[in-house]
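Numbering (this note's numbering), first residue to last: 99 to 802. One structure below.
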């Protein structure tokens, strides 16, 4: 039965054997069974050497590594790069490294990452402002990074913890509801730009075997009479997703012939003897968005000489997402398989046509129909060893919930325990898709590498990384901020150590930057950096860099303070209006910023301070009036303004901060001789108002 034309599935704010027997197969045993079934030598695959790279391809309904051994992709989704925030959701609370490590330790071996075509095109064009919406207290390592830099920093974390990544073009626009749009082009994002965005990604990551798969388009859909809508046939029409998937796939594989190409289904497909021209809703089979792969039988995707990189990827959901016709009346695992899964996509696996990766499935454990559906699909996945990426890690998926609780730091243990049997395990350990790195990292107690799972051990790694290059620095009176180009290694670089004057001052640095603080002013220091790989091999030192810290009190220029005031200078209130501008080239944590407005109290009465209004919120400010022990020219006190948190990108400002001070006896001030006083109807630079960054002078001159 078709879904009624006026009803659409509600979407988020984005051959059996016993399961135990299947899960108990060793990696050496599986290829032997496969080879024997195909008439080959049962020992060939098992005896193959451990590959040094982790690229995958397909054989029948299996995904195999470069030695021909079957693997099982069992993962989850983490969305955010597809939205207007253009970065993983949750980084406003959670630490990116902690979440990534926890996924790996808990058995996730691949992460499907939704992105927008708009974002890929922005990355290609170099339109890269620093990311926003990130809690820098929780993620100090991301300070000043663009969204692309954050994504690639995360790829390095995935490499460290043995995770693999699938890119998914989730929507044309960088929009939180962009996935609702039915096709892969929209407005200025033409089909050609869609293909070019994938070519850019293929070129960018062609040498990075962390990115092993590319899902061409998320959930193309639409009813037969919608415009636009996705169809599936043998034409080259712009709305034929089969043709779009072929075109994008071939153009990607021309650049990187080793990456997996995933083609999802559509929503509706003509019944036998009917055509796309039919005006009768009953002439079409309907399924979930992206879940209808009936057209593959008549019109399979053709990737030419790289056909062994293709797999199909349906999506499937339960009745809490939408009460589909097959959830009405009596239903169970057998009816779902016979009436829905077999005819729409499972036939591709059973007939040995192609592997399947269920790109999205999941939902709430309601103790009722939705959990019944989830249990049925999980049993199918584990029995048939279907590849899958569970929807979703994010707790802010409105109609499914997530693996994380709403605090973004703790896990929904009940849902995780439900998913756990569908994660690849061997002898009680989770299995990585990386031949060298155990799932969870080099020191993992919960995971093993693909080489360990296959019973093969790679030879000892005795090759040290190259020395880091391009060491550069920015210095203030008490801090030196270092950056360098990444080192390379025959396997992978794990972290770096920083040395000052021949003494190690930092180890385990996972990024390519470090700030050394607490230094003496006007002092010369010599820095070097070394890289370390997963085997513990340490590189030679980088070329030394000599850095001299600045003079105390000399502003760095990282901040600019703007001031506006047209108030009566002789009434009973001082009313400075301020803006703080990030005039440096790195993201600033506002908690490190302090501003001082210098004034005279004009009498012995104490002075109080208030925030009347602020763009950052008055609750985001910390105000105090400090009386000087020894008055100076133009000041016997200052108003100190601090911030409770937040970030400021290069070139950005705090917006209006409207402050007011009055004396306890409400007597008048005479501001005309105050150091920081100035009259201006519009915001102008205020060199007599001072600002510091992490304790170092950044703007203005204090009174003397």
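Quick reminder that beta carbons are idealized off the backbone N, C-alpha and C, glycines included.
**Request:** Would you kindly work out how many angstroms separate the C-alpha atoms of residue 626 and residue 641, rounded to a whole number?
**Result:** To locate residue 626, count along the chain shown from 1; it is residue 528. To locate residue 641, count along the chain shown from 1; it is residue 543. Approximately 6 Å between the Cα atoms of the pair.
**Residue interval of the alpha helix (DSSP H) (run including residue 221)** = Reading the chain shown from its first residue, position 123 is the one you call residue 221. Looking at the DSSP string, the run of the alpha helix (DSSP H) that includes residue 221 is 215-223.
**Prompt:** Which partner residues does residue 789 have in the DSSP bridge list?
**Reply:** For the purposes of this step, residue 789 is taken as the residue at position 691 of the chain shown. Per DSSP, 693, 797.
**Asked** Of the choices 632, 519, 619, 511, whose alpha-carbon is the least far from that of residue 560?
**Response** If you number the chain shown from 1, residue 560 lands on position 462. Here the closest residue by C-alpha is 632.
**Item:** For residue 215 and residue 678, the rounded distance between their alpha carbons
**Value:** Residue 678 sits at position 580 when you count from the first residue of the chain shown. Residue 215 sits at position 117 when you count from the first residue of the chain shown. Going from the Cα of residue 678 to the Cα of residue 215 covers about 35 Å.
**Asked** Could you give the uninterrupted runs of the beta strand (DSSP E) lying entirely in the segment 143-174, keeping only those of 3 residues or more?
**Response** 155-157, 160-162
**Request:** Whole angstroms is fine: what's the gap from residue 452's alpha carbon to residue 446's?
**Result:** The residue you call residue 452 lines up with position 354 of the chain shown. The residue you call residue 446 lines up with position 348 of the chain shown. Looking at the two C-alpha atoms, the distance is approximately 6 Å.
**For residue 654, the nearest candidate out of 717, 734, 797 (CA to CA)** = Position 556 of the chain shown, counting from 1, holds the residue named residue 654. Ranking 717, 734, 797 by Cα distance to residue 654 puts 797 first.
**Message:** Does the CB of residue 207 have a neighbour CB from chain B at under 8 Å?
**Reply:** The question asks about chain B, but that chain is absent: this structure has only one protein chain.
**Test item: CB-CB of residue 329 and residue 337 under 8 Å** = Here residue 329 refers to the residue found at position 231 of the chain shown. Here residue 337 refers to the residue found at position 239 of the chain shown. Yes, these two residues count as a Cβ contact at 8 Å.
**Contact check, residue 89 vs residue 402, beta carbons under 8 Å** = What is shown of the chain runs 99 to 802, which leaves residue 89 out entirely.
**Message:** Could you pull the DSSP bridge partners for residue 778 from this structure?
**Reply:** For the purposes of this step, residue 778 is taken as the residue at position 680 of the chain shown. Residue 778 pairs with 663.
**residue 725 classed as buried or exposed, judged by whether at least 16 other C-beta atoms fall within 10 angstroms** = Residue numbering aside, residue 725 sits at position 627 when the chain shown is read from its first letter. Exposed, because fewer than 16 other Cβ atoms sit within 10 Å of the Cβ of residue 725.
**Prompt:** What separation, rounded to the nearest whole angstrom, lies between the Cα atoms of residue 317 and residue 280?
**Reply:** Taking the first residue of the chain shown as position 1, residue 317 is located at position 219. Taking the first residue of the chain shown as position 1, residue 280 is located at position 182. Answer to the nearest angstrom: the Cα atoms are 7 Å apart.
**Request:** Write down the C-beta distance between residue 310 and residue 548 rounded to the nearest angstrom, noting that I regard them as a contact closer than 8 Å.
**Result:** Numbered from its first residue, the chain shown carries residue 310 at position 212. Numbered from its first residue, the chain shown carries residue 548 at position 450. The pair is not a contact, with the Cβ atoms about 12 Å apart (cut-off 8 Å).
**Asked** If we ignore side chains and look at the alpha-carbon of each, how far apart do residue 459 and residue 314 end up?
**Response** Here residue 459 refers to the residue found at position 361 when the chain shown is read from its first residue. Here residue 314 refers to the residue found at position 216 when the chain shown is read from its first residue. Approximately 18 Å between the Cα atoms of the pair.
**Asked** Helix, strand or coil for residue 288 per DSSP?
**Response** Taking the chain shown and counting its residues from 1, one reaches residue 288 at position 190. The answer is coil: DSSP assigns residue 288 none of H, G, I, E or B.
**Item:** Coarse secondary structure for residue 699, derived from DSSP in three states
**Value:** Here residue 699 refers to the residue found at position 601 when the chain shown is read from its first residue. Residue state, collapsed to three classes: coil.
**Prompt:** Below 8 Å, can you find three or more Cβ-Cβ pairs linking the segment 600-612 to the segment 526-543?
**Reply:** no
**Item:** Closest Cα partner of residue 232 within the set 746, 360, 639
**Value:** In the chain shown, counting from the first residue as 1, residue 232 sits at position 134. Out of 746, 360, 639, 746 has the C-alpha closest to the C-alpha of residue 232.
**Asked** Is residue 736 helix, strand or coil by DSSP?
**Response** In the chain shown, residue 736 corresponds to position 638, counting from 1. Residue 736 falls in the strand class under three-state DSSP.
**Request:** Throw me the rounded Cβ distance for the residue 185 and residue 236 pair, which I believe falls under 8 Å.
**Result:** Stepping through the chain shown from its first residue, residue 185 is reached at position 87. Stepping through the chain shown from its first residue, residue 236 is reached at position 138. So it is not a contact: roughly 13 Å between Cβ atoms.
**Message:** Using only the alpha-carbon positions, how far apart do residue 374 and residue 368 sit?
**Reply:** Walking along the chain shown from the start, residue 374 turns up at place 276. Walking along the chain shown from the start, residue 368 turns up at place 270. Cα to Cα, residue 374 sits roughly 6 Å from residue 368.
**Asked** Between which two residues does the alpha helix (DSSP H) harbouring residue 650 extend?
**Response** Taking the first residue of the chain shown as position 1, residue 650 is located at position 552. Careful: residue 650 lies outside any alpha helix (DSSP H) and carries neither H nor E.
**Item:** beta strand (DSSP E) segment containing residue 582, residue limits
**Value:** Against the chain shown, residue 582 aligns to sequence position 484. Element bounds for residue 582: 578-583.
**Request:** Measuring alpha carbon to alpha carbon, tell me which of 351, 603, 490 ends up nearest residue 302.
**Result:** One-based indexing of the chain shown puts residue 302 at position 204. Residue 351 is the option with its Cα nearest to residue 302.
**Item:** DSSP-derived helix/strand/coil call for residue 197
**Value:** For this step, residue 197 is matched to residue 99 along the chain shown. In this structure, residue 197 counts as helix in the three-state DSSP scheme.
**Request:** Out of 484, 479, 503, state which residue places its alpha-carbon closest to the alpha-carbon of residue 490.
**Result:** Numbered from its first residue, the chain shown carries residue 490 at position 392. When each option's Cα is compared against that of residue 490, the closest is 503.
**Residue ranges of each alpha helix (DSSP H) within the segment 504-588, 4 or longer** = 511-517, 548-551
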